[in-house]
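Sequence positions in the sequence shown follow the numbering used here and run 297 to 419.
Report on the structure given below.
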Amino acid sequence: MEELSSLHREPDWLRARRLTSFGIYEGMAIPDTKRQEDWRQVELKGLNLETYAPFQLPNGTAPLGALENVGATLRQRGTSPAVVSIAPELTQEGVIFMPLAEAARDHPELVQRYLFTGVKPEQ
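Structure representation (structure tokens):
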């Protein structure tokens with residue numbers, strides 16, 4: 297977490313929020329897939345956390361047509377955003393679309409105000 301945050305030059309306040317959220321995550325119990333309704337249909341037998349690597353090198357591209365008719369895209373290589381594009385009409389409407397670390401540096405007041413408002417870390 298610290299390494300990724302440093303790599304993207306995240307502000308200290310964002311790093312602190314990430315670490316707090318990660319601490320909450322680490323303290324959570326693994327969901328009971330037999331008793332919790334939301335998890336009843338989730339099959340976890342094939343999930344091997346030992347082989348999970350969240351920051352792998354790219355090994356392909358999105359299927360042809362997968363990104364048609366979208367207003368904005370962010371393509372990523374490994375852990376770094378590579379290409380960001382946004383429709384001009386969205387920019388004219390005031391939409392800001394960029395990687396989180398960049399937004400936290402360029403628009404900290406907006407990110408601090410809205411980050412974790414849709415879904416709380418403990419959810």
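Glycine is no exception: its CB is placed at the ideal position from the N, C-alpha and C atoms.
Subject >> Candidates 410, 392, 411, of which the one nearest residue 402 by Cα >> reply: 392
Subject >> Check whether residue 399 and residue 306 have beta carbons under 8 Å apart >> reply: no
Original post:
Would residue 384 pass as a contact of residue 395 if the rule is Cβ separation under 8 Å?
Top reply: no
Original post:
What is the residue span of the beta strand (DSSP E) that residue 408 lies within?
Top reply: Taken as a continuous stretch (DSSP letters only), residue 408 belongs to no beta strand (DSSP E), being part of the alpha helix (DSSP H) at 404-410.
Original post:
Using the rule of at least 16 other Cβ atoms within 10 Å of the residue's Cβ for burial, across every protein chain shown, is residue 310 buried or exposed?
Top reply: buried
Subject >> Beta-bridge pairing of residue 372 - partner residues as DSSP gives them >> reply: 377
Subject >> residue 320, DSSP secondary structure in three states >> reply: helix
Original post:
How would you label residue 407, buried or exposed, when you count the other beta carbons within 10 angstroms and need 16 or more for buried?
Top reply: buried
Subject >> In DSSP terms, what residue 382 is bridged to >> reply: 368
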